[in-house]
Amino acid sequence: MSQDPQPTNERPLGAPGLPAPQQAGLHEQRGALSWLVTILATCFILFLFQKILLLVVPGLLALALYYCLRPLVQALVRAGLRHRTAVTLLAAQAFVGTLLAVVLLSPLAVARAEVWNTQLVRYVEGGIAFLAATQESLAGRLPMEQRPDWLNHSALELKAITASFAEKYLGTLLLQMVHWLPSLLLMPYLTYFWLQDGNRFKKHLIRSVPNAFFEKTLLLFDQIDRSLQNFLVGLMKLTLLDTVSLGVGLWLLGVSAPLLLGLIAAVLAWVPYVGSVAGCILVVMVAATNFPTTPTITFGCVLLFIGVRLLDDFVFLPMTIGRGLRIHPVLSVLMLFLGAAVAGPTGLVLVLPVCGVVAVVTETVGQIVSDQRLLERFWQARRFRGGLVSKT
12 MSQDPQPTNE RPLGAPGLPA PQQAGLHEQR GALSWLVTIL ATCFILFLFQ
62 KILLLVVPGL LALALYYCLR PLVQALVRAG LRHRTAVTLL AAQAFVGTLL
112 AVVLLSPLAV ARAEVWNTQL VRYVEGGIAF LAATQESLAG RLPMEQRPDW
162 LNHSALELKA ITASFAEKYL GTLLLQMVHW LPSLLLMPYL TYFWLQDGNR
212 FKKHLIRSVP NAFFEKTLLL FDQIDRSLQN FLVGLMKLTL LDTVSLGVGL
262 WLLGVSAPLL LGLIAAVLAW VPYVGSVAGC ILVVMVAATN FPTTPTITFG
312 CVLLFIGVRL LDDFVFLPMT IGRGLRIHPV LSVLMLFLGA AVAGPTGLVL
362 VLPVCGVVAV VTETVGQIVS DQRLLERFWQ ARRFRGGLVS KT
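Residue numbering for the sequence shown follows our numbering, beginning at 12 and increasing consecutively.
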């Protein structure tokens, strides 16, 4: 007859053997250290990205295109095509589309740069006129001692300041946009190689990892892949929803070029907080220029942006991006300020996805370093291989 196993006092390999309060203290220390490493690594990566921005932008667009085309490649493979054929077919279509866009838009942008600059200045003047009218209306309703300081500035002063800013920076901004167009040809090129050799590259990386850390490494790659896919694909879906919502609303209000304005505002919203305000100001200036004697339409545009912003927070964001990055709210707000300080507008756009990936890597590495069982397996394997080598 088999005997019941006797109780033993041996502790499993790798158990800390510490009281609960000390274990909680060590966990809090690892959490604080993980935050510090995440912040420092994110700032360093943003600093590097700012130096190679000409490659970062097409690389990020290629990564978003990769996640959008990957399900199509898998569907074509299930339909009977070879993987290389499916990738070549989709990448060729993306390359032709990008090439046509660059070839058609570059001469158009160069030829109409001066016209666009003039239109932007006119829209700024329309916004200043709307601000002056609002200022006069408020000044007539508020007593002198209760007026804010900005109401004491004349419309001519505001117009002079804005016109000077437009003359200095708007033309330069348009020329920089034209300069960026040829670099977009890298997007389909990078997408092709990621679709073709992405899995092979990941296999090479995983094979170089010691066997003790194999499961954790697979989990790390899966978490990074899902985080990037949730963010980039969700961002594209969110941009489409915002474009349609704003475009339909502006069309109902009678504003000119509603879909174009909606698309520009949706893309500007990629910059957290600041981008939404910039898009709203742009649409307000256009509406104030188109309807200088009808301020209700301009105020309607403001209410439209507030409504779309509420839809983003409560409906669109949970449907698209959701909580894929899993960044603590305090850390996300802190990283927005640090990203702007380190890399300017580029940092504002890239800080959250970069911080999300770095946080996943830091968390996984922290789990590996603090797991005594995994470390013991690693050193036992090293000693075993060393013994085999010495015997041979």
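Every residue gets a Cβ at the ideal spot worked out from N, C-alpha and C, and that includes glycine.
With 16 other Cβ atoms within 10 Å as the buried cut-off, status of residue i
i	result
Ser219	exposed
Ala112	exposed
Ile317	exposed
Phe395	exposed
Met330	exposed
Trp205	buried
Tyr284	exposed
Pro118	exposed
Phe302	buried
Leu59	exposed
Leu274	buried
Gly258	buried
Leu47	exposed
Ser267	exposed
Asp323	buried
Thr129	exposed
Asp233	exposed
Phe141	buried
Thr96	exposed
Ala276	buried
Phe212	exposed
Phe225	exposed
Leu405	Outside the modelled stretch of the chain, which goes from 12 to 403, sits residue 405, for which no answer is possible.
Val98	buried
Phe242	buried
Residue i versus residue j: straight-line alpha-carbon distance, rounded
i	j	result
Ser148	Val278	33 Å
Leu349	Phe327	27 Å
His473	Arg388	Absent from the structure is residue 473, since the part of the chain shown begins at 12 and ends at 403.
Lys62	Gly355	12 Å
Ala370	Thr202	25 Å
Ala86	Tyr78	13 Å
Thr305	Gly138	13 Å
Tyr200	Gly108	12 Å
Pro69	Thr145	42 Å
Gly358	Gly91	43 Å
Gln240	Ala223	28 Å
Tyr134	Ala299	8 Å
Trp390	Leu252	52 Å
Ala351	Arg393	45 Å
Arg123	Leu314	32 Å
Val132	Val295	14 Å
Val67	Leu57	10 Å
Glu374	Leu342	14 Å
Val353	Leu230	31 Å
Cys291	Lys214	46 Å
Asp208	Leu71	17 Å
6 Å Cβ shell around residue i - same chain, five flanking residues per side excluded
i	result
Gly406	There is simply no residue 406 to check, as the chain begins at 12 and stops at 403 in what is shown.
Leu65	Ser194
Phe55	none
Lys248	Thr331
Ala8	This structure leaves residue 8 out entirely; the chain is present only between 12 and 403.
Gly260	Leu315
Ile308	Leu264, Ala298 and Phe302
Leu386	none
Simplified DSSP assignment, three categories, for residue i
i	result
Arg133	helix
Ile63	coil
Gly265	coil
Thr305	coil
Thr109	helix
Ala280	coil
Pro329	helix
Asp233	helix
Asp382	coil
Ser219	coil
Arg394	helix
Contact test: residue i Cβ vs the ligand MG heavy atom, cutoff 8 Å
i	result
Leu92	As far as ligands go, the structure on display features none, and thus does not contain the ligand MG.
is_contact[residue i, chain B] using C-beta, thresh 9 Å
i	result
Pro193	The structure shown contains no chain B; it is built from a single protein chain.
Proximal residues to residue i (C-beta, below 7 Å), its chain only, five neighbours per side dropped
i	result
Thr228	Ile217 and Val220
Leu101	Leu80, Leu83 and Val84
Val460	Only positions 12 to 403 of the chain appear in this structure, which leaves residue 460 out of reach.
Leu76	Ala105, Met198 and Thr202
Leu196	Thr109, Leu110 and Val113
Cβ-based neighbour list, residue i, same chain, cut-off 8 Å, excluding 5 preceding and 5 following
i	result
Arg320	Ser287
Ile235	Val368, Val371 and Val372
Val255	Gly273
Met346	Ile50, Thr53, Ile338, Val362, Leu363 and Cys366
3-residue-minimum beta strand (DSSP E) runs that sit fully inside the stretch 65-92, ordered along the chain = none
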